[in-house]
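Asks: Residue numbers (my numbering), protein chains in the order written: chain A, 92 to 289; chain B, 92 to 289; chain C, 92 to 289. Each residue gets a CB set at the ideal place from its N, CA and C atoms; glycine is no exception. Just so we're clear, the structure is a prediction, and the values are computed from it rather than from any experiment.
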Amino acid sequence: MAWEVFSFIGTAAFAISGALIALEEQYDLFGVYILGMVTAFGGGAIRNVLIGAPVSVLWDQNFLFIVATISILIIFFFSKMLLTHWNRWGTYFDAVGLAAFAIQGAMLAVKYEKSLFAIMVAAVLTGAGGGVVRDVLAGRKPLIFQKDIYAVWAAVAGLLVGLGLHKIDIALYILLIVTTMLRMLSYRFHWRLPQGPK
Amino acid sequence: MAWEVFSFIGTAAFAISGALIALEEQYDLFGVYILGMVTAFGGGAIRNVLIGAPVSVLWDQNFLFIVATISILIIFFFSKMLLTHWNRWGTYFDAVGLAAFAIQGAMLAVKYEKSLFAIMVAAVLTGAGGGVVRDVLAGRKPLIFQKDIYAVWAAVAGLLVGLGLHKIDIALYILLIVTTMLRMLSYRFHWRLPQGPK
Amino acid sequence: MAWEVFSFIGTAAFAISGALIALEEQYDLFGVYILGMVTAFGGGAIRNVLIGAPVSVLWDQNFLFIVATISILIIFFFSKMLLTHWNRWGTYFDAVGLAAFAIQGAMLAVKYEKSLFAIMVAAVLTGAGGGVVRDVLAGRKPLIFQKDIYAVWAAVAGLLVGLGLHKIDIALYILLIVTTMLRMLSYRFHWRLPQGPK
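(1) I'd like to know whether the C-beta atoms of B/G122 and C/F154 end up nearer to each other than 8 Å.
(2) Excluding five sequence neighbours on each side, which residues of the same chain lie with their C-beta closer than 6 Å to the C-beta of B/G127?
(3) Mind listing which residues of the stretch 116-133 of chain C have their C-beta closer than 8 Å to chain A's C-betas, in chain order?
(4) Quick check: is the beta carbon of A/V252 nearer than 8 Å to any beta carbon in chain C?
(5) In whole angstroms, give me the CA-to-CA distance for B/A219 and A/G255.
(6) Alpha carbon to alpha carbon, how far is B/Y203 from B/G253? Give it in angstroms, no decimals.
(7) What are the start and end residues of the alpha helix (DSSP H) that includes B/D260?
(8) Looking only at C-alpha atoms, which of B/P288, B/G249, B/V243 and B/L251 sits nearest to B/W282?
(9) Does A/Q117 come out as helix, strand or coil in the three-state DSSP assignment?
(10) Using CA atoms only, rank isn't needed, just tell me which of C/A136, C/Y118, C/L120 and C/I100 is closest to C/S217.
(11) Return the CA-CA distance between A/I165 and A/I100, expressed in angstroms with no decimal places.
(12) Going by beta-carbon coordinates alone, are B/A191 and B/A214 separated by less than 8 Å?
(13) Is it a yes or a no for the stretch 257-276 of chain B touching the stretch 179-187 of chain B, going by three-plus beta-carbon pairs under 8 Å?
(14) Using alpha carbons as the reference points, say which of B/V212, B/A104 and B/I157 lies closest to B/W180.
(15) Going straight from the alpha carbon of A/A93 to that of A/L207, what length do you get?
(16) Classify A/Q237 as helix, strand or coil using the three-state DSSP reduction.
(17) Who are the neighbours of A/G230 on chain B, taking C-beta pairs under 8 Å?
(18) Which residue comes first and which comes last in the alpha helix (DSSP H) that contains A/S162?
(19) Can you confirm whether A/V140, when its beta carbon is compared against all beta carbons of chain C, has any partner nearer than 8 Å?
(20) What residues in its chain sit with their C-beta under 7 Å from that of A/A200, if we drop five residues either side in the sequence?
(21) Compare the C-beta of C/P145 with all C-beta atoms of chain A and state if any pair is closer than 8 Å.
(22) Helix, strand or coil: which one does DSSP assign to B/R231?
(23) Hey, out of A/P233, A/K238 and A/R279, whose CA is closest to A/I112's CA?
(24) Report yes or no: is there a C-beta of chain C within less than 8 Å of the C-beta of B/A106?
(25) Nearest to A/V129 by CA position, among B/V223, B/L251, B/P285 and B/K258, is which residue?
(26) Can you give me, in chain order, the residues of the stretch 148-182 of chain B that have a beta carbon less than 7 Å from any beta carbon in chain A?
(27) Against A/V227, what residues of chain B qualify as contacts under a CB-to-CB distance less than 8 Å, listed in chain order?
(28) Could you give the residue range of the alpha helix (DSSP H) that holds A/L251?
(29) Since I believe C/G287 is in contact with B/F167 (beta carbons under 8 Å), could you give me their beta-carbon distance rounded to a whole number of angstroms?
(30) Please list, in chain order, all residues of the same chain as A/Q195 whose beta carbon is under 7 Å from its beta carbon, the five residues on each side excluded.
(31) Which residue from B/A159, B/E115 and B/M198 puts its Cα closest to that of B/L263?
(32) Can you find a C-beta in chain B that's less than 8 Å from the C-beta of A/L114?
(33) If we ignore side chains and look at the alpha-carbon of each, how far apart do C/V269 and C/A246 end up?
(34) If we ignore side chains and look at the alpha-carbon of each, how far apart do C/A144 and B/F132 end up?
(35) Using only CA atoms, which one of C/V146, C/K238, C/V227 and C/E115 lies nearest to B/Q117?
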């Protein structure tokens, strides 16, 4: 059950974040649709390829395709009514997607009995992969390399899932909320890791 | 038979379009070769990875490697004699590649008995994938996100193939010509889809 | 034995080259780590996907993960002490990685009994692939498309391995040194291939 919930939340959140960036870049309807879909499904595709899970299962997610499609269409037609400050909203939806997919990717790696390190990598790949593809295709510097703490939260979520949190559904939901909030706070208050020498 | 024809046309057209962009960017001989090859084979590679078809069949296409290599070399050494206005010619060859590979990718998805939605996605991935990789590597905004209608034609071609057109060879050839022309007309007359709110 | 040596050298060299570019771009600690890891393992991942080798073996390289991690951390904390002129050092380490991974990638393709052409492609993909991903993610024009001769040396190394050099370990080590030096000399003295017409 938790798996489906995290897939649902991550897919909708990333589809919206991709669509919002496409709107900012003045893409047309189909461009908005493609960038939303790539963001929603790109991270999972990269994870499956790298983890050795069959990629063809991507195609059996009809429900998620519909979720993403509806999310994108709502944003395309009603974003002006629903949202102001796209840039900020894009970052918030991205934070939700990052957290949900990091946990979901870690759960899959646990199922495949990967090492703790691999579980953390799967969390980062799944959580951040779709956003990286989105940003590269939109010609932007990937969020993952921005100054405010980002992918570390995916790695931490992956670590906690790998240490046993996946056994307790309620703990996973709390982890989702906390991870999302930590990322949002990092963005809001510019929490930063040390940089190298200039 | 139709499969081989579409593979041949798509490979040659995309190899040329990649080589033309590399020439515009002042790449050297090997850079032109690599960008041509990546454009010609990138879309099919992405499609095979995502559709779950074995990627290793890529290597059994010796004939197509030779087709792409000869196409690139002709462009490198004789483009000045053959063409003026590279930019426009690049767009035209890209249109031919888009149409040929969209149809070919949809045919493969039909063979793998995918859903109609997956057939359309395969058409878009195969038709537009190589061009996206080409544009990202050349540091350009992908054609697929430009303002004139582009990938929609690949999706429509995929839809028609999925609805049964793959059974009639002659219909596929007509579809190739019509799809190419629709893309060219979109470029020439700036046909556009609705954009989102500003 | 030679395989392990080349994997070790290539991994360390590319991890360092990725970390150096991330430092130049003022990424934080985790950004430096990610770009280093992507550069070190990206080329091999692309090669495995395209050659049809199982990608999941990537995860059984615990020793190489540690090598890359230590290399990146040393660069992050001590680069100012160890190096001046990052830009030049980045190019040098990239040359070592290019040579080591070109030979290693060609050896794998030989093991899979691929054609001579495929062996050369595997050499270029493995040698240059990680660097291309690194440059795209950092928003730079890929080194492979720069004016000084680059990927040709990987193709030549692949050709020699494919012609039988893989049977003699000592010849492979000499090839590593010669390939690295040819790339460095290309960079230092601006050796160039012919360009197309303007």
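Replies: Based on what the coordinates show:
(1) The residue given as residue 122 of chain B occupies position 31 in the second sequence. The residue given as residue 154 of chain C occupies position 63 in the third sequence. No; because the gap between Cβ atoms is not below 8 Å, this pair is not in contact.
(2) Position 36 of the second sequence, counting from 1, holds the residue named residue 127 of chain B. A106, G109, A110 and I163, listed in sequence order.
(3) E116, Q117, Y118, D119, L120, F121, G122, V123, I125 and L126
(4) Against the first sequence, residue 252 of chain A aligns to sequence position 161. No, A/V252 lies away from the interface with chain C (no Cβ there is under 8 Å from its Cβ).
(5) Working through the second sequence from its first residue, we reach residue 219 of chain B at position 128. Working through the first sequence from its first residue, we reach residue 255 of chain A at position 164. Approximately 42 Å, taken between the alpha carbons.
(6) On the second sequence, position 162 is the one that residue 253 of chain B refers to. On the second sequence, position 112 is the one that residue 203 of chain B refers to. Answer to the nearest angstrom: the Cα atoms are 12 Å apart.
(7) As a position in the second sequence, residue 260 of chain B is number 169, starting the count at 1. Note, B/D260: alpha helix (DSSP H), D260 to F280.
(8) Locating residue 282 of chain B in the second sequence gives position 191, where the first residue counts as 1. The option with the nearest alpha carbon to B/W282 is B/V243.
(9) As a position in the first sequence, residue 117 of chain A is number 26, starting the count at 1. It is coil, neither helix nor strand.
(10) In the third sequence, the residue the question calls residue 217 of chain C occupies position 126. Sequence check: residue 217 of chain C is Thr here, not Ser. It is C/A136.
(11) Position 74 of the first sequence, counting from 1, holds the residue named residue 165 of chain A. Position 9 of the first sequence, counting from 1, holds the residue named residue 100 of chain A. Each residue's Cα considered, the two are about 16 Å apart.
(12) As a first step, residue 191 of chain B must be located in the second sequence, where it is residue number 100. As a first step, residue 214 of chain B must be located in the second sequence, where it is residue number 123. Against a cut-off of 8 Å, the Cβ pair of B/A214 and B/A191 comes out as no contact.
(13) yes
(14) If you number the second sequence from 1, residue 180 of chain B lands on position 89. Here the closest residue by C-alpha is B/A104.
(15) For the purposes of this step, residue 93 of chain A is taken as residue 2 along the first sequence, with counting starting at 1. For the purposes of this step, residue 207 of chain A is taken as residue 116 along the first sequence, with counting starting at 1. A/A93 and A/L207: Cα-Cα distance of roughly 20 Å.
(16) Position 146 of the first sequence, counted from the start, is the residue given in the question as residue 237 of chain A. Looking at A/Q237 - three-state DSSP - the assignment turns out to be coil, as it is neither helix nor strand.
(17) Translated into positions along the first sequence, residue 230 of chain A becomes position 139. Correct list: K232.
(18) Numbered from its first residue, the first sequence carries residue 162 of chain A at position 71. Unbroken alpha helix (DSSP H) run through A/S162: N153 to L173.
(19) Along the first sequence, read from residue 1 onward, the residue named residue 140 of chain A stands at position 49. Chain C, which has a Cβ nearer than 8 Å to the Cβ of A/V140, makes this yes.
(20) Numbered from 1 along the first sequence, position 109 holds the residue referred to as residue 200 of chain A. Cβ within range, chain order: I142, A209, I210 and A213.
(21) The residue you call residue 145 of chain C lines up with position 54 of the third sequence. Chain A, which has a Cβ nearer than 8 Å to the Cβ of C/P145, makes this yes.
(22) As a working note, residue 231 of chain B is residue 140 in the second sequence. Coil.
(23) To locate residue 112 of chain A, count along the first sequence from 1; it is residue 21. Nearest option by C-alpha distance: A/P233.
(24) Along the second sequence, one-based indexing puts residue 106 of chain B at 15. No - not a single Cβ of chain C is within 8 Å of the one on B/A106.
(25) Here the question's residue 129 of chain A lines up with position 38 in the first sequence. The option with the nearest alpha carbon to A/V129 is B/V223.
(26) none
(27) Here residue 227 of chain A is taken as the residue at index 136 of the first sequence, counted from 1. By Cβ distance, chain B contributes V227.
(28) Here the question's residue 251 of chain A lines up with position 160 in the first sequence. Note, A/L251: alpha helix (DSSP H), A242 to G253.
(29) Sequence index remark: in the second sequence, residue 167 of chain B carries index 76 (1-based). Sequence index remark: in the third sequence, residue 287 of chain C carries index 196 (1-based). Confirmed, about 5 Å.
(30) As a working note, residue 195 of chain A is residue 104 in the first sequence. For A/Q195, where only same-chain residues beyond five positions count, the Cβ hits under 7 Å are W94, F97, S98, G101 and T217.
(31) Taking the first residue of the second sequence as position 1, residue 263 of chain B is located at position 172. Selected option, being the one with the closest Cα: B/M198.
(32) Looking up residue 114 of chain A in the first sequence gives position 23. For A/L114, the answer is yes, since a Cβ of chain B falls inside 8 Å of its Cβ.
(33) For the purposes of this step, residue 269 of chain C is taken as residue 178 along the third sequence, with counting starting at 1. For the purposes of this step, residue 246 of chain C is taken as residue 155 along the third sequence, with counting starting at 1. Approximately 13 Å between the Cα atoms of the pair.
(34) Here residue 144 of chain C is taken as the residue at index 53 of the third sequence, counted from 1. Here residue 132 of chain B is taken as the residue at index 41 of the second sequence, counted from 1. Taking the straight line joining both Cα atoms gives about 18 Å.
(35) Taking the first residue of the second sequence as 1, we reach residue 117 of chain B at position 26. Minimum Cα distance to B/Q117 is reached at C/K238.
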